[in-house]
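To start, the structure under review is shown below, and the notes come after it.
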Amino acid sequence: KDYIAAYYSRYQGVARYRETAIAAAREKGYATTLFQRRRYLPDIEHKNRMIRSESERMAINTPIQGTAADMIKIAMVRVAGLLDRKGTRTRMLLQVHDELVFDLHRGENDELVPKIEEAMKTALPLAVPVVVESETGETEPTDLLVTERPSEDHGDGGEQVRDRRHDAEETVADGDEQQCVALASVT
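In structure tokens, the structure reads:
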């Protein structure tokens, strides 16, 4: 308790934000992201303290985490448009929380990575700076595996793993460019 009290004493804005977010959710019955996407909180006034506390945590987290989710989605749309307009061989593979993972062709690295970073930085104009970090690394075609979840029940209840090694080898069989993966993270 002393540690938490010292934290709130030092960072009084955090305590104010917390109180304001909870009060607003109680008044409206929901919390919103910066894009006004709503998360309804029907248990914000619940008599049971544990249930009410969960809704209060959602009221505090939704504006931050929900806005971050909105931001990465906007960045994905912008980056996809960039890749399409440029007619690149680079492809966006997946999103993991605040990260985008790409199949980046080495010949496109110098041109695309700064543009991808810029698209991510400017996805949502904020008063605070948005930092985007990227890394690239070599990937051997034989390392590429794709895991899929079945769209229908096949009776085993498990994941199906499809070996894409052969497809990946064909992709770079012409030997002109090696592939690497770029990871861009918004913080």
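The sequence shown begins at 362 in my numbering and counts up by one. Heads up, the beta-carbon is just placed ideally off N, CA and C, and yes, glycines get one too.
Give the DSSP-derived three-state secondary structure of residue i in the structure shown.
{"i": "residue 438", "result": "helix"}
{"i": "residue 375", "result": "helix"}
{"i": "residue 517", "result": "Note that residue 517 has pLDDT 48, beneath the 50 cutoff, so the model's placement of it is unreliable and no number is given."}
{"i": "residue 367", "result": "helix"}
{"i": "residue 478", "result": "helix"}
{"i": "residue 397", "result": "coil"}
{"i": "residue 459", "result": "coil"}
{"i": "residue 488", "result": "coil"}
{"i": "residue 417", "result": "helix"}
{"i": "residue 402", "result": "coil"}
{"i": "residue 467", "result": "helix"}
{"i": "residue 452", "result": "strand"}
{"i": "residue 498", "result": "strand"}
What does the Cβ neighbour count give for residue i, buried or exposed, with the cut at 16 atoms within 10 Å?
{"i": "residue 411", "result": "exposed"}
{"i": "residue 396", "result": "exposed"}
{"i": "residue 490", "result": "exposed"}
{"i": "residue 416", "result": "buried"}
{"i": "residue 440", "result": "buried"}
{"i": "residue 375", "result": "exposed"}
{"i": "residue 381", "result": "exposed"}
{"i": "residue 365", "result": "exposed"}
{"i": "residue 457", "result": "exposed"}
{"i": "residue 420", "result": "buried"}
Since residue i and residue j should fall inside the 8 Å C-beta cutoff, what is the C-beta to C-beta distance between them, to a whole number of angstroms?
{"i": "residue 554", "j": "residue 385", "result": "Nothing can be reported for residue 554, as the shown portion of the chain is limited to 362 through 548."}
In whole angstroms, what separates the C-alpha of residue i from that of residue j?
{"i": "residue 447", "j": "residue 477", "result": "12 Å"}
{"i": "residue 481", "j": "residue 426", "result": "16 Å"}
{"i": "residue 498", "j": "residue 455", "result": "16 Å"}
{"i": "residue 368", "j": "residue 403", "result": "30 Å"}
{"i": "residue 493", "j": "residue 483", "result": "10 Å"}
{"i": "residue 438", "j": "residue 428", "result": "15 Å"}
{"i": "residue 372", "j": "residue 486", "result": "25 Å"}
{"i": "residue 461", "j": "residue 394", "result": "21 Å"}
{"i": "residue 414", "j": "residue 387", "result": "12 Å"}
When the Cβ atoms of the stretch 455-469 are set against those of the stretch 402-417, are three or more pairs found closer than 8 Å? With a cut-off of 8 Å, the stretch 402-417 and the stretch 455-469 do not count as touching, because too few Cβ pairs lie within range.
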